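Set out below in structure tokens:
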């Protein structure tokens, strides 16, 4: 909606004239001349007032000539200029006004001349502008703009030079208008604002506000324009432009996307009766609703316009708008009706409507009806700007008809050439590429894509990513596929169009290209950081699948597992889920995670009953069950393959698996039957020879050595190169050994070791050879073979037992140091609990025998710790106690004995009680000692060391100051034996009496001990002590001579005992 330009303003309406008659004082002789001048001035002004500008101008010119010295001459010039202006001789008027300003500097009405000069230039500029509007010549436009600027400059001088002039408001307004019309709209705005702010009561106040708003709108200062128009409506509600400003206010709000507020204003403007803008306002109201996506409402408003304004020039636009709304709202039948109406009316919008009608019919699944409509429009509007759109839509209509579709690839390509500069040219070439690709015409698709990508004008087109993708896809598929070129195009798409919705797909495809060319690590490195941007479940699943496959193909099963799981999680319903499940299970199997693999394989069976992976799935389930030694389950799974997929590549393997399951199950008889079935059904399959081999081994297990030899011999006759060939020979040797042909067996083993020193089971071979020697009573050769085994195969599971055998041989050969080394070495590799226990026990025993008690204790204690339920636990604990006891580590020994006592181990119970009492005594734990000895004496009266136990019991009582029970226990010993223990007990009876200060009783016990036992060996210690203690009793009893005799006996007979020195000291002190 353009702004209305004001027309020129004539002198009588706006220009400022002069009606001055005052001449001031005159002389008498000038009276007549003055009267004549006054009369002529009045006459001229009267003509001027009646707008008879031609005669008035003539009179003013005559007046000026007749009265060159008249004081009213300046006013006459001013009026002359006004009349010239009234005659529209604006250039002549401007000259007159400028002459006044130059000649009459003291003229009191110079501001009027200045204002009129501005008006003259303003009207000159309007004339130039009219010429320019007609000619559209740049020179004419520049000329008009220059004249407007000249007028603006003259108007500006009024406030600058004539501050008190009453014309400043008008001049300022016209200055703004001139700046606007000169094209300097930004400069016009502050000038308009001056009028609005400073001259609110000016007749031009409304014009200035209107001018300000329209200028702001044209400068797209929509917020400011909205405010200005709102002010106009508020200040000048009765102005004839009020409704127009309301309309303009709505347009300003619309431009700010304030569609709701704009729509309300348009509705008000449209409702104003007899408004010239009502139809336009209604159109804009509909557009506002359309902008709010209130499409049915907008369409209804559009559709009401032809009814309300039958003569409106906006009917075609309204029906077109209605059709567009209905189209967008997918109300295609209504859209068809509106577009058809425009086409029928042949309005200026008919070509566009025909194009949109064609698109609507395509949406209505009536592409065949669209073609004749479009053909007619193409013929009717050969020069229309919508001709390319009509042509393009016609091709689309053909595309939507499957029989016609193949031809559209070339039609689209031709369109892109014919309308190379049209906006749809790139889309047409894209569609040509797509149609060719869709029809698997990959060569043509590559050509079209290449043409598109080579066009520099399409470099930034929005469809470029799509074409890059289709071009890459075409390079990847069909004959002459070029993965490298495909990858390059995918990479261009990702690099040049990172925000394209095809980037995710391209990233997955790049990963596929790298994977397909066996660049597994680069594939992983590329795909991994791309995962975060993949939102489509299928794409994310495929990317994870490719990562998993790449890890798997690179031999990294462990790393592939998380990727496969992520693929399943990304798209649980993916149609390739069976593939992922199978691959995941396979990787899990490689990582020894068979239970987890079983879960995935069972999912595959349950979720994909028609999967092409089922035969492999059942086979893998069989393999898992076989690995888990669930042989019946394995057989069931293998049989599913054989029965359901008899022609599958996995069927022979499954039949072999059945036999192997029974073989592993040790059901040798059934195994021979199943391997026979394999040899019958699949005699040529590569797995048949393995079946023959295992059948031979099965016969061996059945002790059917002739048949075993037959199968193994036939197997070996084929000169197999697999490791099984050596195992077959090994088994053959075992057959010889089983037949007690030890020498031949040893020869077979020796030959195999020589021929195949790196035989995987060479350790077992050495082991069997060693036992062949043992069975033939060649212990030294057996030991040497065991040593060879541990030397050559230090990591073999047989090493530990071999060292045990070597240790036993060394022990029996009385080489304890070597035996210790062997048992120690065996412990480093022994895994079986029973063997480790025996090794510890043997090691400890040999060390104990060698009085290496600390080492022995460690060995026995470790044995007990590691094997708390072992067969050798009790002997081990007892010997651990003994080893600690030998080191006087009674506190550590005591728990060992206590464990034996608690277990009541038959062979060690009594000894453990005995040692427990002794250890407790050593720790001065007398009550514990007492308890142990009482249990021993009461429970084992025939214990070989029963008297030592009784002595220990007495000692425990004694140290608890229980002297009577102590003496009683000692007396039992004295009564039962004459051993040194009896002498010791008799002595201790004296010690008890001495402690009770029963000196007479005490010396009797001492003297009985000294006199009652032979003076030799272990007795002498106690005889020495008894003589010394008897002397002490005599001293207490004041029997000094008797004491002296006893002391001398000690000194003379027992000089090598500690008591001798003590006796000398005591004797010296006797008086």
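In our numbering, the protein residues as written are 357 to 1427.
Beta carbons: idealized from backbone N, C-alpha and C, even for Gly.
Quick caveat: nothing in here was measured; it's all calculated off a predicted structure.
| Check | Outcome |
| --- | --- |
| I need the DSSP call for residue 1423, collapsed to helix, strand or coil. | helix |
| How should residue 1340 be labelled, buried or exposed, when 16 other C-beta atoms within 10 angstroms of its C-beta is the threshold for buried? | buried |
| Give a yes or no on contact between the segment 418-427 and the segment 446-461, applying the rule of three or more CB pairs nearer than 8 Å. | no |
| Which word fits residue 382, buried or exposed, when buried means at least 16 other C-beta atoms lie within 10 angstroms of its C-beta? | Its pLDDT being 45, under 50, residue 382 is placed unreliably in this model, and the value from its coordinates should be taken loosely. It is exposed - the Cβ of residue 382 has fewer than 16 other Cβ atoms within 10 Å. |
| Do three or more CB pairs link the segment 1358-1372 to the segment 1380-1388 at distances below 8 Å? | yes |
| Please state whether the Cβ-Cβ distance between residue 659 and residue 718 is less than 8 Å. | no |
| Is the separation between the beta-carbon of residue 1216 and that of residue 1242 shorter than 8 Å? | no |
| Using CA atoms only, rank isn't needed, just tell me which of 637, 1286, 834 and 871 is closest to residue 843. | 871 |
| Which stretch, first to last residue, makes up the alpha helix (DSSP H) that contains residue 964? | Neither: residue 964 is in no alpha helix (DSSP H) and is coded neither H nor E. |
| Count Cβ pairs between the segment 890-899 and the segment 923-936 that sit closer than 8 Å; are there 3 or more? | yes |
| For the segment 642-660 and the segment 609-619, state whether three or more C-beta atom pairs, one from each stretch, are separated by less than 8 Å. | yes |
| Please report the residue range of the alpha helix (DSSP H) in which residue 1092 lies. | 1079-1094 |
| Closer than 7 Å by C-beta to residue 691: which residues in its own chain qualify, once you throw out the five before and the five after it? Chain order, please. | 679, 682, 683 and 716 |
| Compute the distance between the beta-carbons of residue 471 and residue 527, then report whether it is under 8 Å. | yes |
| So, with DSSP's three-state summary, where would you put residue 780? | coil |
| Can you check whether the CB of residue 908 is closer than 8 Å to the CB of residue 939? | yes |
| Under 8 Å, do residue 656 and residue 705 count as touching if we go by C-beta distance? | no |
| Determine the contact status of residue 1124 and residue 1103, defining contact as a CB-CB distance below 8 Å. | no |
| Indicate whether residue 1393 and residue 1343 have their beta-carbon atoms separated by less than 8 Å. | no |
| Here's the rule: buried if 16 or more other CB atoms are within 10 angstroms of the residue's CB, otherwise exposed. What is residue 344? | This structure cannot settle anything about residue 344, because the visible part of the chain is limited to 357 through 1427. |
| Contact defined as beta carbons within less than 8 Å: I believe residue 1283 pairs with residue 1316. What is the distance between those atoms, to the nearest angstrom? | 7 Å |
| Pop quiz: residue 1271 and residue 1289 are said to be a contact at Cβ under 8 Å. What is the actual Cβ separation, rounded to whole angstroms? | That belief does not hold up - the Cβ atoms of residue 1271 and residue 1289 are roughly 11 Å apart, past 8 Å. |
| Does the distance from the CB of residue 1087 to the CB of residue 1129 come in under 8 Å? | no |
| Answer with buried or exposed for residue 1036, where buried requires no fewer than 16 other C-beta atoms within 10 angstroms of its C-beta. | exposed |
| Out of 438, 577 and 599, which has the shortest C-alpha to C-alpha gap to residue 1430? | Here the chain has residues from 357 to 1427 only, and residue 1430 is not among them. |
| What are the start and end residues of each continuous alpha helix (DSSP H) run of 4 or more residues lying completely inside the segment 1254-1280, in chain order? | 1265-1278 |
| What span of residues does the alpha helix (DSSP H) with residue 889 cover, start to end? | Looking at the DSSP string, residue 889 is not in any alpha helix (DSSP H), and its letter there is neither H nor E. |
| Is the distance from the Cβ of residue 1277 to the Cβ of residue 1240 below 8 Å? | no |
| In angstroms, rounded to a whole number, what distance separates the CA positions of residue 1360 and residue 1261? | 43 Å |
| Return the residue from the list 971, 972, 689 and 994 that minimises the CA-CA distance to residue 982. | 994 |
| From residue 379 to residue 398, what does the alpha carbon distance come to, in whole angstroms? | Any answer about residue 379 is weak, because its pLDDT of 44 lies below 50 and its placement is not dependable; what the coordinates show is given next. If you take the alpha carbons of residue 379 and residue 398, they lie about 13 Å apart. |
| Mind checking whether residue 967 and residue 934 have CB atoms under 8 Å apart? | yes |
| Under the rule that 16 or more other beta-carbon atoms within 10 Å means buried, what is residue 466, buried or exposed? | buried |
| Assuming the contact rule is C-beta atoms closer than 8 Å, residue 685 and residue 651 should be a hit. Round their C-beta distance to whole Å, please. | 4 Å |
| Could you check which residue in 696, 1018, 1233 and 988 has the C-alpha nearest to that of residue 1213? | 1233 |
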